[in-house]
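**Student:** Numbering (the working numbering), first residue to last: 1389 to 1621. Below is the structure I would like to discuss, written out as structure tokens.
Encoded structure:
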């Protein structure tokens, strides 16, 4: 007989029987606490989020013409923030390569379709996540593909177009004289909107844990509350 209660919902509990903060009624399951996110990992995560928001606000003011900080100040802040983000990104890449954390982003198609079905259907039925987090695998297959694409393609693309946009007056010397400023502005703006869409979806996904704030707290403390599956007898 299964160790799961016959009731469809029961409070999540830690293995010692205590209730997690913000615990909610969900499918019966115990919770284990795993330390998954180091201090630097949490720092660069929140720092990048801040950069995306501030660069978005200043960049959209420059391109769309609304008045928030003032055009000149928005340009200056945008340029400074962009350089600061580039420096942080270099440290992030170095950290991943030297600590082995890059292994958590190796793409895989195993269970990918299952995870996609979970987010499209299963999550609304209260089903357990098919690929729970672990110390050996922080991200599910869909997250791996998404984060890898963001980190290896979208962010470098945004930084490259930003650098080219910033150095417009030197394009002739750099051999980019045939590039159009309006084209570069469009590409940089498109990348900015792509990052904004990712940020919105990412924030929404943080609310899909065992409680509304579980994933948010994990990225603040480093400790992730992971459901422990109870096997049938």
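Beta carbons: idealized from backbone N, C-alpha and C, even for Gly.
Ordered along the chain, which non-local residues of its own chain (more than five positions away) have a Cβ less than 7 Å from that of residue 1447?
**Tutor:** 1466 and 1580
**Student:** Could you give the first and the last residue of the continuous alpha helix (DSSP H) run that contains residue 1473?
**Tutor:** Here the alpha helix (DSSP H) through residue 1473 covers 1459-1487.
**Student:** Taking 7 Å as the limit between beta carbons, can you name the residues of its chain near residue 1538, skipping five residues before and five after?
**Tutor:** These residues qualify, in order along the chain: 1586.
**Student:** Identify every residue that forms a DSSP beta bridge with residue 1506.
**Tutor:** Bridge partners of residue 1506: none, in fact.
**Student:** Going by alpha carbons, who is nearest to residue 1554 out of 1463, 1578, 1510 and 1514?
**Tutor:** Closest by alpha carbon: 1463.
**Student:** Ignoring anything shorter than 4 residues or poking outside the region 1534-1579, list the alpha helix (DSSP H) runs there in chain order.
**Tutor:** 1543-1554 and 1559-1562
**Student:** For residue 1423, which of helix, strand or coil comes out of DSSP?
**Tutor:** strand
**Student:** Please list, in chain order, all residues of the same chain as residue 1474 whose beta carbon is under 7 Å from its beta carbon, the five residues on each side excluded.
**Tutor:** 1547
**Student:** Could you check whether the region 1522-1541 touches the region 1492-1503, counting it as contact only if at least three pairs of C-beta atoms, one from each stretch, sit closer than 8 Å?
**Tutor:** yes
**Student:** Answer yes or no: do residue 1422 and residue 1521 have a C-beta to C-beta separation smaller than 8 Å?
**Tutor:** yes
**Student:** Have a look at residue 1516 and residue 1510 and give me their C-alpha separation to the nearest angstrom.
**Tutor:** 8 Å
**Student:** With a CB to CB cut of under 6 Å and the five nearest residues on each side skipped, what residues in its chain are close to residue 1477?
**Tutor:** none
**Student:** Excluding five sequence neighbours on each side, which residues of the same chain lie with their C-beta closer than 8 Å to the C-beta of residue 1564?
**Tutor:** 1552
**Student:** Quick one: give me the first and last residue of the alpha helix (DSSP H) that residue 1604 is part of.
**Tutor:** 1602-1609
**Student:** By the 10 Å Cβ neighbour count, where 16 or more other Cβ atoms means buried, how is residue 1506 classified, buried or exposed?
**Tutor:** buried
**Student:** With distances taken from CA atoms, which of 1615, 1610 and 1495 is nearest residue 1429?
**Tutor:** 1610
**Student:** Kindly indicate which residue of 1583, 1483, 1451 and 1614 has the alpha-carbon position closest to the one of residue 1573.
**Tutor:** 1451
**Student:** Please name the residue, chosen from 1597, 1470, 1493 and 1601, that lies closest to residue 1536 on a Cα-to-Cα basis.
**Tutor:** 1493
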